[in-house]
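Visitor: All residue numbers for the sequence shown refer to the numbering used here, where the first residue is 339 and numbers rise by one. Quick one: the structure is below, questions incoming.
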Amino acid sequence: MLQRIAMQRDRLHASRQARAQAKALSAHVQAVPADAPLAERLMVFAKLHPLATAAVASVALMIGPRKLLRYGAVALPLISKFKR
339 MLQRIAMQRD
349 RLHASRQARA
359 QAKALSAHVQ
369 AVPADAPLAE
379 RLMVFAKLHP
389 LATAAVASVA
399 LMIGPRKLLR
409 YGAVALPLIS
419 KFKR
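As structure tokens, then:
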């Protein structure tokens, strides 16, 4: 009976270690390469900075879709000019 308890203890310990290792590997993605697609960079930013993402989303909701499109139409050419 003691041998079964020891085997179960070892199995639980191994599963705990495997779970911790998987969590460490998934949390390792903290940075995105600069040449990554914009959607991937935005998703990683949203995961790393949830409060900033929520603030931007709430401001966008307060501004409204019409003004948001108007500001985007003005800002998009400026942004593309800076990228060159």
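Even for Gly, the Cβ is constructed at its ideal location relative to N, Cα and C. Predicted model, so just to flag it, every value in this text is computed and none were measured.
Confirm, please, whether the CB-CB distance from Val382 to Val394 is below 8 Å.
Guide: Translated into positions along the sequence shown, residue 394 becomes position 56. Translated into positions along the sequence shown, residue 382 becomes position 44. No, the Cβ-Cβ distance between Val394 and Val382 is not below 8 Å.
Visitor: Does the Cβ-Cβ distance between Ala398 and Leu386 come in under 8 Å?
Guide: As a first step, residue 398 must be located in the sequence shown, where it is residue number 60. As a first step, residue 386 must be located in the sequence shown, where it is residue number 48. Cβ atoms of Ala398 and Leu386: not closer than 8 Å.
Visitor: Check Met339 in the structure and name its three-state DSSP category.
Guide: Here the question's residue 339 lines up with position 1 in the sequence shown. Looking at Met339 - three-state DSSP - the assignment turns out to be coil, as it is neither helix nor strand.
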